[in-house]
Amino acid sequence: MTSREALDARDAVDPTDAGGAGSAGDTGGAGGGDALADAGTVDVRPITASDLPDWLRAVKTGFLQEPVVSDEDVENRRPGIDLSRTQGAFDGSRCVATFRSFPQELTAVGGAAVPADAISAVTVSPTHRRRGLLTRMMRTDLAAARERGDVVATLIAAEYPIYGRFGFGPATTATEWTVDVPRTGLDPRRAGPDDGGRIDLLDGEEVRKAGPELHERFRRGRPGVVDRDDRWWQMNTGLLRFGGFPWKEPFYAAYRSASGEIEGLVCYTADDDWGDSNQPHNTAEVRWLLAVTPAAERALWNYLCSIDWITRVKTGRRAPDDLLPQFLPDPRAARITSQCDWLWVRILDVVRALEARTYGTAGTLVLDVRDESGPDGGRYRLRAAPDGTATCEPVTEEADLTLSVADLATLWLGDESAVRLAALGRVRERQEGAAALADALLRTSRRPWCPDIF
Numbered sequence: 000m001t002s003r004e005a006l007d008a009r010d011a012v013d014p015t016d017a018g019g020a021g022s023a024g025d026t027g028g029a030g031g032g033d034a035l036a037d038a039g040t041v042d043v044r045p046i047t048a049s050d051l052p053d054w055l056r057a058v059k060t061g062f063l064q065e066p067v068v069s070d071e072d073v074e075n076r077r078p079g080i081d082l083s084r085t086q087g088a089f090d091g092s093r094c095v096a097t098f099r100s101f102p103q104e105l106t107a108v109g110g111a112a113v114p115a116d117a118i119s120a121v122t123v124s125p126t127h128r129r130r131g132l133l134t135r136m137m138r139t140d141l142a143a144a145r146e147r148g149d150v151v152a153t154l155i156a157a158e159y160p161i162y163g164r165f166g167f168g169p170a171t172t173a174t175e176w177t178v179d180v181p182r183t184g185l186d187p188r189r190a191g192p193d194d195g196g197r198i199d200l201l202d203g204e205e206v207r208k209a210g211p212e213l214h215e216r217f218r219r220g221r222p223g224v225v226d227r228d229d230r231w232w233q234m235n236t237g238l239l240r241f242g243g244f245p246w247k248e249p250f251y252a253a254y255r256s257a258s259g260e261i262e263g264l265v266c267y268t269a270d271d272d273w274g275d276s277n278q279p280h281n282t283a284e285v286r287w288l289l290a291v292t293p294a295a296e297r298a299l300w301n302y303l304c305s306i307d308w309i310t311r312v313k314t315g316r317r318a319p320d321d322l323l324p325q326f327l328p329d330p331r332a333a334r335i336t337s338q339c340d341w342l343w344v345r346i347l348d349v350v351r352a353l354e355a356r357t358y359g360t361a362g363t364l365v366l367d368v369r370d371e372s373g374p375d376g377g378r379y380r381l382r383a384a385p386d387g388t389a390t391c392e393p394v395t396e397e398a399d400l401t402l403s404v405a406d407l408a409t410l411w412l413g414d415e416s417a418v419r420l421a422a423l424g425r426v427r428e429r430q431e432g433a434a435a436l437a438d439a440l441l442r443t444s445r446r447p448w449c450p451d452i453f
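According to numbering that gives the first Met the number 0, the sequence shown is numbered sequentially starting from 0.
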C-alpha cells in the first residue's frame, strides 16, 4: 500500500483526524531507516496550538500532498487532535517530522474490546531521514501508552519494512474484489430479497442515526474491528469536510429484515462510463459495507449487482474470507484485484492481551516472548479453559514455544498459523507439537478484519 492509497479520497478523511482517518504511513522518505544518530539539532516534543499549521504542512509534505494549510484546515482539524498525544520534530522553526496517536478500542477474539493506542499521521520529511526521529517519537508514544494502561498499539503501515523493528506485527489482511456483473449468473429480473426483507435508500442524516448502533453490533462479532466515533460518521457522510479532499456525495442503502430492523448498510459511488454504441459500462465503488447477518450481506451485494447500468462492482477493502464470491452463482466473476497486510498490532501488555480473548480449545502453553525493542518480553504460561476463557501469568519454567512480540501480535487475532511461522523460522518449538497446540488455541474460524483506515 502506498501513502497515496492511504490518503485516497474514497476514505473521505485526512491523516490528522481520529476515528478511521488517515494513515500510519512512514512516508516521504519517512522511516526509510533512521539508524544514524540525531545530531541534536532537532527538537522532538508535543506540539502546541500555535504549532498546528506548520505540523499540518509537514504531514502534507510527508504524504506528497500540496503543502498548503489554510485557516479553515486548522479550524476544522483542531477538534480531532489531542495536542498532548501529537508530536513534532522541529529543526529551528520548521516541523520536519510528525506523529500522533488517539484512543481506540480493538475487538479481540471473542468480542471483548481492548483499549488501544492508535498511531497515525507518521511522517519524516525527506530532508531529515535517518536521524532517529521516528524512533524517538515511537518510544515516547509507546511508553505513554503503557503508562495509560493500553493493551495494544495499532497502525496501518504504508510500507512493510518499517514497523517490525518496533515490535509491531501484521495482524489482519485486506482483500479487494472487482465483480464482473454480467458474469455473476444472478438473475437481472430479481425484484429484491426473497427472505421477507427489503432494501431502502437512505440519506447521510439517516445513516448517522442508524450507523453507530449497527456498527456496535458488527464489531462485537468480528476480531480486528475498531470503534468509530461521531467524528468518523460526520466525515464519512459529508457533514464534516476538508479542503483538498473533494467530497463526492455517495449513495446509501440499508437492508431491513422482515421485522423492519436494519441489519446492513452500504455506502457506494458510481462513475459515468458509456462505451461504443452508447452502452453503459458503469462501475459501482463501495466505500464501506456493514452487515450483521449473512442474509443482509447477501442482499446488499445482490442489490449492488442489480443496479441498472452497473457492469462492475469494486468491493473496497474486505476480509480475505469474505462471503461475497460464494454468494454468486459464478464465483469467478469476483476477481481479486488487491490483497495486502492491513492492521498492524503491537502488544503492550502480554498478560492482559492473552486474557482478553477467547480460545478454541483447552490447553496450556508456555511462551517465551522476545521483545528487543521494549519491556514486554518474558515467559508466560497461557492456560485456556474448556469454556474458552484463559489465564496468563509470568513464569520461569521451560518454554514450549519461543517467538518475538511482533509474531505474537500476528497470532493474537487468530489470522496466522504458528505451524506456518515455525516453518519460516520465525517461531521455534521447544516442545514437539507446541506450534500445533498454539494453532488449536489461537486460530479462529473466520479471519479477523479491520474495515477502517486511520
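Quick reminder that beta carbons are idealized off the backbone N, C-alpha and C, glycines included. Here the structure is a predicted model, which means the values were calculated and not measured.
- Taking a cut-off of 8 Å on C-beta distances, the segment 385-396 does not touch the segment 411-419, as fewer than three cross pairs fall below it.
- Taken in chain order, the complete alpha helix (DSSP H) segments of 4 or more residues contained in the segment 259-315 are 293-303.
- The beta carbon of residue 117 sits closer than 8 Å to the beta carbons of 17, 100, 101, 102, 103, 152, 153, 154, 225, 453 from its chain, once the five residues preceding and following it are set aside; these are given in chain order.
- The DSSP-derived three-state label of residue 140 is helix.
- For residue 104, the enclosing beta strand (DSSP E) starts and ends at 93-106.
- In this structure, the beta-carbon distance from residue 70 to residue 115 does not fall below 8 Å.
- The residue from 87, 332, 251, 42 with its alpha-carbon nearest to that of residue 48 is 87.
- Residue range 203-218 is occupied by the alpha helix (DSSP H) that includes residue 204, with no beta strand (DSSP E) assigned at that position.
- Judged by DSSP in its simplified three-state form, residue 343 adopts strand.
- The shortest CA-to-CA distance from residue 215 to any of 110, 186, 391 is the one to 110.
- Contact holds between the segment 251-260 and the segment 187-200, because three or more Cβ pairs, one in each stretch, are under 8 Å apart.
- By alpha-carbon distance to residue 407, the top candidate from 197, 211, 200, 346 is 346.
- Inter-segment contact for the segment 298-307 and the segment 259-268 is present: three or more beta-carbon pairs are separated by less than 8 Å.
- For the pair residue 79 and residue 228, the Cα-to-Cα distance works out to about 11 Å.
- The beta carbons of residue 176 and residue 333 sit closer together than 8 Å.
- The segment 40-78 is shown to contain whole alpha helix (DSSP H) runs of 4 or more residues at 51-61, 70-76, in chain order.
- Per DSSP, residue 325 is one residue of the alpha helix (DSSP H) stretching across 323-326.
- The beta-carbon distance between residue 171 and residue 449, rounded to whole angstroms, is 5 Å. This is short enough to meet the 8 Å contact definition.
- Between residue 290 and the set 219, 313, 329, the nearest pair of CA atoms involves 219.
- For residue 354, the uninterrupted alpha helix (DSSP H) run begins and ends at 349-355, by DSSP.
- A check of alpha carbon separations from residue 196 across 331, 302, 239, 98 identifies 302 as the nearest.
- In terms of Cβ geometry, residue 364 and residue 440 form a close pair [threshold 8 Å].
- Scanning its chain for C-beta atoms nearer than 6 Å, with the 5 sequence neighbours on each side dropped, one finds around residue 425 the residues 406, in chain order.
- By DSSP's assignment, residue 362 forms a beta bridge with 383.
- The segment 199-212 makes no contact with the segment 393-401, as fewer than three CB pairs between them are under 8 Å.
- Assignment of beta-bridge partners to residue 254 by DSSP yields 198, 263.
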